[in-house]
Every structure is written in C-alpha cells, then in structure tokens.
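Enquirer: Counted the way this note's numbering counts, the sequence shown spans residues 980 to 1436. Can you keep this structure in mind? I'll have questions shortly.
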Amino acid sequence: MRIKQILKTKSTEQHISVKGWVRTNRDSKTNAFIAINDGSCMSNLQVFVDKEILTDQDVLHRATTGASIEVKGILVESPGKGQSVEVRAEEIIIIGDCPEDYPLQKKRHSNEFLREIGHLRGRTNTYSAVVRVRSAMSFAVHKFFQEKGFVNLHTPIITASDAEGAGEMFQVTTLPFHTFNSKAGIDYSRDFFGKKASLTVSGQLSAETYATAVGDVYTFGPTFRAENSNTTRHLAEFWMIEPEMAFCDIFGDMDLAEEFLKYILNYVLEHCAEDMEFFNKWVSKGILDQLNSVVKSDFARITYTEAIEELIKSGKKFEFPVTWGIDLASEHERFLSEEVYKRPVIVYNYPKEIKAFYMKLNDDGKTVRAMDVLAPGIGEIIGGSEREDSYDQLISRIEELGLEKEDYDWYLDLRKYGTVPHAGFGLGFERMIQYVTGMTNIRDVIPYARTPKNCNF
Ligand code: ATP
Ligand code: MN
C-alpha cells in the first residue's frame, strides 16, 4: 500500500506491507521509531519496532536516513501524537542501504544547495510537494479545457518559421560545426530540413490555423527561448499553455484567462491540501488566504494607459522610469498587482510598438488589443491578444515592420479564406506554479531547470 492510502484508511488491525525511504530512525534500548516516506504524500508513516520481535537486529542499524526498506506489520491506532495510525513492525527488510555521505540529512537545506543535487532534491518535502502540485495542475489544465470542449493540439517543437518572433531561438541542425565558422556563410539547403530550423518559442501561429478549422483549441507543450536572461522568472526550456479561440475578441480572451486561472487555483486548493499547507507554513506564509481570496474576487482590469497613470501617480521611484510607451518591467507589473490592486491585474490595449505584429489594431491607430495578466510576486504570467483578422491591416503591419511578406503567406491565408475574429493567450506553466506554491525561483518549480550555462542532470 502507498502511505497516502494507509493514512486515510479507517480499518486498523490489518496486516500491511509498505515500502519507502527512511526519513528518521529513533532508536532506544527496547524499541525504535522509524519514519518512512514513499513520496505519495507529504506525511511520513511511523513504524514502531519492538526490538524483541526482530530476529535480525542488524536491520535497525542499516535502516538509516535515506535507506529504502520494506516493512511488514500490523496497522494500529497510534497512541502517540502527530499521527492517527502507525505500523507495528513484524519484519523489516532492507532493500537498499544508504551510506553516511547521503547529502539529505535531517537539517533543512537551502534551495541553492539542493539545485546542485537536482537528482536527489525530489526526496525532500519541498521538492516532492512541488512535483505533486505540478502534476495536479497539469491534469487540471487538461480537465478545464476538455470540459469546455477545446481540442488539444500538438504543435511542432521543431519549426522553420521565423514568424513566431517571441524570443531568441535555439537552432536545430545536423550540419558539421566547421560550417558555422566558414566565411562563405552557411548553406542551409544542405541542412537536414533544407532550410534553417529552430526549437519553437510559441505554438500560437500553428494553433491559429486549427482554431480557424475546429474552433477552440489549446496546446500544452515545451517551449524554448535562448534569451540570456538570468532572472527568477525565465527558463530556457519551459512549458506553455496556449488556448486559441475562433469567434472571440479580447474581452472573451480575458474572461477565459480569469476563469482558467481560478479553476487551476480551486483545483489545487481542493486536491493538494496537504502540500499547500506545507507551502503556507514553510515557503510563503499566508499564501492559502491569499489564493482563497483571489478565487472569490474579480481580477482588476485596466488599460495600459490607466496602468501608466497609476504608476506615475504613485510617485514611487522605479529603476526604469515610467512614461507612456514603455514596455512594463517586472517592477512595474509587480507594483500594480502587489501594491495597487493586491490581486491579479489584467492590463490591455498596449502601444503597438511594444507588441507583436499580429495583434489587432484598435481604432485609435496607436494601441493593439493585447492583454497581459500580472500576478503578485511574479509579474506577467499570461500574455495574450486578439489577433489581427483583417487581411489588409495585417499586410500593412507586415510592411510597416519591414518583414518579408512571403514568410507569412500561409498565415495571411487564414485572413483571406473565411477570416474570423479570434484570440488566445500563453500561460507560462512554471510561473503559474510559482504563483500557486509561493516558490520564488522558477528553477525550483521544474524538475530539471535549463538556464544559461546550466544543463545538468
Ligand atoms: P517576459 O516579458 O516576462 O519575458 P514575454 O512577454 O516574453 O515574457 P510571452 O511571449 O508573452 O512572454 O509568453 C507568454 C508567457 O510565457 C509569459 O506570460 C510567461 O508566463 C511565459 N514565459 C515567457 N518567457 C518565459 C521564460 N523564459 N521562462 C518561463 N516562462 C516564460
Ligand atoms: Mn508577454
């Protein structure tokens, strides 16, 4: 039985067998208490050992912190505090010994230290909780969209489209290295795909093609950005959720984003109660109250222009000065959500100069129908927009920006043949996990973080 199941069971006095890793082993003259954990939940199972009944006393010395063991015995109501049931051991079998140099001893380790032992950190309370919550959230993402009738779309990971333009790309090539140092330039016709190819920075453009075929779609896949940004919010490899909806404008887009985020929060609060208690107590005090109140309240919604006014009005001195037209930096985003509104904020109608070419132009000719969701503690967690659905308008944006029209022929076709208003957004999955758990560094919410100069394990 898994420990999660055992701790829930009401039927004591039954024989059980349980396998896991020793967390602690308190030994006294006549008996011992071993706490074991199998990762199925945060709690350990307490094993009571009456030394007299053990035929092999050596197992107690070998059942050290980190060792893997099997315990056979009777489940009983626990006389001690802290747990409702415990196991009275009849037999202890050492599955794998754990020598003394095991790096995870009883004390609490720093996240920095644990990053260096990424292959073992999953055995700590924090990191096993993160990965369980992450798994629950992943399931909730699919559940939300499937219940709403969205089609799950697998968009390509390797792309030859430069059009995505959302960030610096990692190149994919089979050409030998010296090719790249040649003065003559690189002949991509000799490369695997016969042209330059890269890892995707967003599935959006491919999602648009299917949204204008089957209606509402969503992608949930790995995304790669070769940005050299060493922040607590950026990874080189992260997971993104991108819904795209036909017959939908920017306000429908905001409604979906808000409903979606609340659904995920509710799901985690309901299904990951024990892990969330842990985060609330040890990682981010008060996060439970905060999330519970977010679920019940409406997100703030303000235009970019109003956001700029709020920032100027505050009189606060920011590292990056505030004027109409700037791209909001994370200090501005966080100030709006943490100080001004104290909850998630949706900012919309950004200046066209700071947003992508495909976003729908407003009648003022200056702003586009972009919307970002800003979360306390993080800043932007969602970026989205209504897409330009007018063929002529899109052509003129492409020309204005000096882009090659030929590269966008297929994308323009969507506007040429039965165009529809459509909208979508991208949620960075790891940023959402940061928001939910209160973990401050994005490297700590993905099992194996990829960042500049760091690709271990
Ligand atoms: P930022 O300005 O914060 O770098 P962005 O505007 O470049 O983000 P978008 O292109 O709008 O990001 O991508 C949509 C979402 O993907 C973002 O709102 C964010 O949650 C997430 N995201 C973007 N870049 C990264 C990254 N390098 N690591 C993790 N998540 C990311
Ligand atoms: Mn963005």
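C-beta atoms are modelled at their ideal positions from N, C-alpha and C, and glycine is treated no differently. On a predicted model such as this, the values are computed, not experimentally measured, just so you know.
1) Tell me whether SER1168 sits in a helix, a strand or coil according to DSSP, three-state version.
2) Return yes when at least one heavy atom of ligand 1 lies under 7 Å from the C-beta of LEU1154, else no.
3) Going by DSSP, name the residue or residues bridged to SER1181.
4) Under 7 Å from any heavy atom of ligand 2, does the C-beta of GLU1359 make it?
5) Closest by CA to ASP1228, which one among TYR1414, GLN1150, LYS1339?
6) Report yes if the CB atom of GLY1363 is closer than 8 Å to the CB atom of ALA1402, and no otherwise.
7) Once you ignore the five residues that flank ASN1104 on each side, which residues in its own chain have a CB closer than 7 Å to its CB?
8) Identify which residue in GLU1031, GLU1359, LEU1214 has its Cα closest to the Cα of SER1428.
9) Out of GLU1056, LYS1175, GLN1183, which one is the CA nearest neighbour of ARG1224?
10) PHE1404 to VAL1180, Cα distance in whole Å?
11) So that I know if they touch, is there some Cβ in chain C lying closer than 8 Å to that of VAL1424?
12) Starting from the N-terminal side, write out each stretch of the alpha helix (DSSP H) that is 4 residues or longer and does not extend beyond the segment 1112-1159.
13) Looking at the unbroken beta strand (DSSP E) that takes in ILE1421, where does it start and where does it end?
14) In angstroms, rounded to a whole number, what distance separates the CA positions of GLU992 and VAL1064?
15) Pull up the distance between the alpha-carbon of ILE1360 and that of THR1198, whole angstroms please.
16) Going by C-alpha to C-alpha distance, which of ARG1410, LEU1373, GLY1061 sits closest to LYS1395?
17) Please list, in chain order, all residues of the same chain as TYR1283 whose beta carbon is under 6 Å from its beta carbon, the five residues on each side excluded.
18) Of the residues LEU1033, ALA1046, ILE1137, SER1369, which one's Cα is nearest the Cα of ALA1068?
19) Could you tell me which residues DSSP puts in a beta bridge with TRP1000?
20) For ligand 2, any of its heavy atoms closer than 7 Å to the Cβ of ASP1351?
21) Excluding the 5 residues preceding and the 5 following ARG1094 in the sequence, name in chain order all residues of the same chain whose CB lies nearer than 8 Å to its CB.
22) Return helix, strand or coil for PHE1239, following the three-state DSSP convention.
23) Which class does ASN1433 belong to by DSSP, given the choice of helix, strand or coil?
24) Using the C-alpha atoms, what's the distance from ASN1420 back to GLY1097?
25) Please confirm whether VAL1352 and LYS1331 have their CB atoms less than 8 Å apart.
26) Closest to ILE1377 by CA distance: which of LEU1406, ALA1335, PRO1058 is it?
27) Closer than 6 Å by C-beta to PHE1106: which residues in its own chain qualify, once you throw out the five before and the five after it? Chain order, please.
28) For a minimum of 4 consecutive residues, which ranges assigned as the alpha helix (DSSP H) are wholly contained in the segment 1297-1373?
29) Going by DSSP, what residue range makes up the alpha helix (DSSP H) through MET1255?
30) Using 8 Å as the cut-off, can you tell me whether the segment 1078-1090 makes contact with the segment 1008-1025, which would need three or more C-beta pairs spanning the two stretches below that distance?
31) Buried or exposed for CYS1434, please, with buried defined as at least 16 other CB atoms from any protein chain shown within 10 angstroms of its CB.
32) By a C-beta neighbour count over all protein chains shown, 10 Å radius and 16 as the cutoff for buried, is ARG1005 buried or exposed?
33) Is GLY1407 near ligand 1, judged by its Cβ being under 7 Å from some heavy atom?
34) Any heavy atom of ligand 1 within a distance shorter than 7 Å of the CB on GLU1310?
35) Considering only the beta carbon of each residue, do PHE1226 and VAL1399 sit closer than 8 Å?
36) Sorted by chain position, which residues of the same chain lie with C-beta nearer than 6 Å to SER1047's C-beta, five sequence neighbours on each side aside?
Expert: The short version:
1) Numbered from 1 along the sequence shown, position 189 holds the residue referred to as residue 1168. Correct three-state label for SER1168: helix.
2) Counting from 1 along the sequence shown, the entry for residue 1154 is found at position 175. No, Cβ of LEU1154 sits at least 7 Å from all heavy atoms of ligand 1.
3) Counting from one through the sequence shown, the residue named residue 1181 turns up at place 202. For SER1181, which the question treats as bridged, DSSP gives no partner whatsoever.
4) On the sequence shown, position 380 is the one that residue 1359 refers to. The answer is yes for GLU1359.
5) Residue 1228 sits at position 249 when you count from the first residue of the sequence shown. Cα-wise, what sits closest to ASP1228 is LYS1339.
6) If you number the sequence shown from 1, residue 1363 lands on position 384. If you number the sequence shown from 1, residue 1402 lands on position 423. Yes, they are a contact pair.
7) In the sequence shown, the residue the question calls residue 1104 occupies position 125. Closer than 7 Å at the Cβ level, and outside the excluded window around ASN1104, lie MET1021, PHE1257.
8) Taking the first residue of the sequence shown as position 1, residue 1428 is located at position 449. The amino acid at residue 1428 is misidentified as Ser; the sequence shows Ala. When each option's Cα is compared against that of ALA1428, the closest is LEU1214.
9) Numbered from its first residue, the sequence shown carries residue 1224 at position 245. Before going further, note that residue 1224 is Met rather than Arg in the sequence given. Checked all of GLU1056, LYS1175, GLN1183; the closest Cα to MET1224 is GLN1183.
10) Residue 1404 sits at position 425 when you count from the first residue of the sequence shown. Residue 1180 sits at position 201 when you count from the first residue of the sequence shown. Between PHE1404 and VAL1180, the C-alpha separation is close to 14 Å.
11) Protein chains in the displayed structure number just one, and chain C is not present.
12) none
13) Here residue 1421 is taken as the residue at index 442 of the sequence shown, counted from 1. Note, ILE1421: premise wrong, no beta strand (DSSP E); not H, not E.
14) Stepping through the sequence shown from its first residue, residue 992 is reached at position 13. Stepping through the sequence shown from its first residue, residue 1064 is reached at position 85. So the alpha carbons of these two residues sit roughly 10 Å apart.
15) Taking the sequence shown and counting its residues from 1, the one referred to as residue 1360 is at position 381. Taking the sequence shown and counting its residues from 1, the one referred to as residue 1198 is at position 219. Looking at the two C-alpha atoms, the distance is approximately 16 Å.
16) As a working mapping, residue 1395 is identified with position 416 in the sequence shown. Answer by Cα proximity: LEU1373.
17) Working through the sequence shown from its first residue, we reach residue 1283 at position 304. Contacts found: VAL1326, ASN1328, TYR1329.
18) Stepping through the sequence shown from its first residue, residue 1068 is reached at position 89. For ALA1068, the nearest C-alpha among the options comes from LEU1033.
19) As a position in the sequence shown, residue 1000 is number 21, starting the count at 1. TRP1000 pairs with ASN1016, SER1047.
20) The residue given as residue 1351 occupies position 372 in the sequence shown. At least one heavy atom of ligand 2 is nearer than 7 Å to the Cβ of ASP1351, so yes.
21) As a working note, residue 1094 is residue 115 in the sequence shown. Excluding residues within five positions, the ones whose Cβ falls inside 8 Å are ARG1100, ARG1422, ASP1423, ALA1428.
22) Residue mapping note: residue 1239 aligns to position 260 of the sequence shown, counting from 1. Three-state DSSP puts PHE1239 in a helix.
23) Here residue 1433 refers to the residue found at position 454 when the sequence shown is read from its first residue. In this structure, ASN1433 counts as strand in the three-state DSSP scheme.
24) Position 118 of the sequence shown, counting from 1, holds the residue named residue 1097. Position 441 of the sequence shown, counting from 1, holds the residue named residue 1420. Rounded to the nearest angstrom, the two C-alpha atoms are 14 Å apart.
25) Translated into positions along the sequence shown, residue 1352 becomes position 373. Translated into positions along the sequence shown, residue 1331 becomes position 352. Not closer than 8 Å, so no.
26) By one-based count along the sequence shown, residue 1377 stands at place 398. Closest option to ILE1377, Cα to Cα, is ALA1335.
27) Your numbering for residue 1106 matches position 127 in the sequence shown. The sequence given here places Tyr at residue 1106; Phe does not occur at that position. Contacts found: ARG1100.
28) 1309-1313
29) Your numbering for residue 1255 matches position 276 in the sequence shown. 1252-1257 is the extent of the alpha helix (DSSP H) around MET1255.
30) no
31) Taking the first residue of the sequence shown as position 1, residue 1434 is located at position 455. Answer is exposed; the Cβ neighbour count stays below 16.
32) By 1-based counting over the sequence shown, the position of residue 1005 is 26. Classification of ARG1005: exposed, given that the 10 Å Cβ count is below 16.
33) Position 428 of the sequence shown, counting from 1, holds the residue named residue 1407. It does: the Cβ of GLY1407 is within 7 Å (strictly closer) of some heavy atom of ligand 1.
34) As a position in the sequence shown, residue 1310 is number 331, starting the count at 1. No, ligand 1 has no heavy atom inside 7 Å of this Cβ.
35) Position 247 of the sequence shown, counted from the first residue, corresponds to residue 1226. Position 420 of the sequence shown, counted from the first residue, corresponds to residue 1399. Going by C-beta atoms, PHE1226 is nearer than 8 Å to VAL1399.
36) Residue mapping note: residue 1047 aligns to position 68 of the sequence shown, counting from 1. Cβ neighbours of SER1047 beyond the five flanking positions: TRP1000, ILE1074, GLY1075.
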